[in-house]
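In my numbering, the protein residues as written are 591 to 960. From the three backbone atoms N, C-alpha and C, an ideal C-beta is built for every residue, glycine too. All values derive from a computational prediction rather than experimental measurement. The structure appears below as structure tokens.
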């Protein structure tokens, strides 16, 4: 392949490919991915849910600005709908009353416990004092979305380099030389969409020191009786996000909603955290878990203030951050990718994103200083 590009995007997950697809409209772009396949880490281990009321204000604004795309993606982007009905329920037990106001402030409606029992036949309503419902929450087909962006990227002439770990950077007459395990690339601009490895990549480039901290989240798939009708259950979570469960491929995914800081790595599940989740599950669901099925772990990467980092680096030229999505990167990808393309091209924030109240300074690398 050609080794010279206008832009090299480091990271072949949802953030990298969505931004690369937007940039490839007008630039020669290469996506560099250290793994053999795209979406191997956080993207491929997502809870696959669209909940625009979830997350800090900047995330909510980006999710709202992404909704129109999810609801009406072009047929040549995705052959099937990206969204499907699901719903979300906050389960409130004794001692969790304080969380009711938080849920109501997000627009969740009171859900009578007998209605919840109809939705989730195995729920122990006597273990709860109340429930709140987000009827707007939906399932999001992550694989279909990623494949759509990859197809769009390639159709626009983009290049993908897999099994290409970035090992260093040099500058030569103002251009970046990106050193990888598969050879060097020359480019005018680098986009750092490396997820859990974003701080490492920035260090190699002598860019700003912005701590992007990977946090592990564990999950397990449970087999429940066919009579339970699991496929129709909403996503249910404990008040305070202490655990959650949702249907996934005919089974029930259970997670302790853990967020343990770890080093960047190929994550695996925390067995102790899963055991605690099973204990909480037993308190609210009339089913005894006797067998632990497939388990996995994912990394959700955060900046210290919980907002994404999207913008040009303060210390080196033509180094652009796209990191720290904190587990919200799937549901914000359409808006965040367009925003990044606009910033890179020196254009104004797209009107539909600005209309959602996004304040650019809340996601800029400049907020961390030099």
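May I ask which residues mark the beginning and end of the alpha helix (DSSP H) holding residue i?
i	result
residue 682	Unbroken run through residue 682 is the beta strand (DSSP E), 678-682; no alpha helix (DSSP H).
residue 733	732-745
residue 939	Premise fails: residue 939 is in no alpha helix (DSSP H) and is neither H nor E.
residue 609	604-613
residue 793	788-794
Roughly how many angstroms separate the alpha carbons of residue i and residue j, rounded to a whole number?
i	j	result
residue 631	residue 856	7 Å
residue 799	residue 792	7 Å
residue 790	residue 684	44 Å
residue 597	residue 680	43 Å
residue 700	residue 720	8 Å
residue 802	residue 617	28 Å
residue 917	residue 891	7 Å
residue 640	residue 926	15 Å
residue 610	residue 749	10 Å
residue 834	residue 847	7 Å
residue 751	residue 623	6 Å
residue 533	residue 810	Because the chain spans 591 through 960 in this model, residue 533 falls outside it and cannot be assessed.
residue 885	residue 867	13 Å
residue 662	residue 910	29 Å
residue 712	residue 812	14 Å
residue 543	residue 818	The structure shown does not extend to residue 543, since the chain is modelled only from 591 to 960, so the question has no answer here.
residue 914	residue 717	36 Å
residue 734	residue 836	19 Å
residue 804	residue 729	24 Å
residue 637	residue 674	14 Å
residue 947	residue 932	17 Å
residue 704	residue 878	22 Å
residue 664	residue 872	43 Å
Going by Cα to Cα distance, which pick from the options is closest to residue i?
i	options	result
residue 686	930, 751 and 831	831
residue 952	738, 895 and 917	895
residue 731	938, 956, 920 and 947	920
residue 955	725, 608 and 782	782
residue 620	779, 926, 867 and 873	779
residue 760	604, 692, 654 and 906	906
residue 747	934, 936, 945 and 607	607
residue 763	777, 806, 750 and 754	777
residue 696	727, 717, 673 and 934	727
residue 543	806, 768, 827 and 821	Outside the modelled stretch of the chain, which goes from 591 to 960, sits residue 543, for which no answer is possible.
residue 691	881, 910, 829 and 873	829
residue 839	852, 923, 814 and 872	814
residue 936	603, 844, 657 and 613	613
residue 647	898, 903, 688 and 924	898
residue 786	929, 930, 629 and 682	629
residue 625	698, 755, 704 and 817	755
residue 930	594, 599 and 725	599
residue 883	807, 864, 774 and 901	864
residue 887	878, 879 and 851	851
residue 671	870, 658, 642 and 702	658
residue 643	694, 944 and 714	694
residue 678	633, 725 and 740	725
residue 593	843, 650, 769 and 664	769
residue 822	633, 676 and 653	676
residue 958	869, 900, 934 and 825	900
residue 772	758, 765 and 784	758
residue 753	635, 875, 627 and 737	627
If we define contact as Cβ-Cβ less than 8 Å, is residue i a contact residue for chain B?
i	result
residue 852	In the structure shown, chain B does not exist; there is a single protein chain.
I need the boundaries of the beta strand (DSSP E) containing residue i, first residue and last residue.
i	result
residue 841	841-845
residue 701	No beta strand (DSSP E) contains residue 701, which DSSP labels as neither H nor E.
residue 600	594-600
residue 773	773-782
residue 720	720-724
residue 809	803-812
residue 825	825-828
residue 751	749-751
residue 758	756-762
residue 836	834-838
residue 619	619-622
residue 769	765-770
What is the C-beta distance between residue i and residue j, in whole angstroms, given that I count them as a contact (C-beta under 8 Å)?
i	j	result
residue 806	residue 860	6 Å
residue 655	residue 904	That pair is no contact at about 26 Å.
residue 660	residue 742	Not really, about 15 Å apart at Cβ, beyond 8 Å.
residue 775	residue 595	6 Å
task = Taking only runs that begin and end inside the stretch 624-699, name each unbroken alpha helix (DSSP H) of 4 or more residues, in chain order.
result = If only complete runs of 4 or more residues are kept, the stretch 624-699 shows the alpha helix (DSSP H) at 647-661 and 688-695, in order along the chain.
message = Please give the ranges of any beta strand (DSSP E) in the stretch 849-936, keeping only runs that are unbroken, at least 3 residues long and fully inside the region.
response = For the stretch 849-936, whole beta strand (DSSP E) runs of length 3 or above, ordered along the chain, are 885-892, 899-902 and 909-913.
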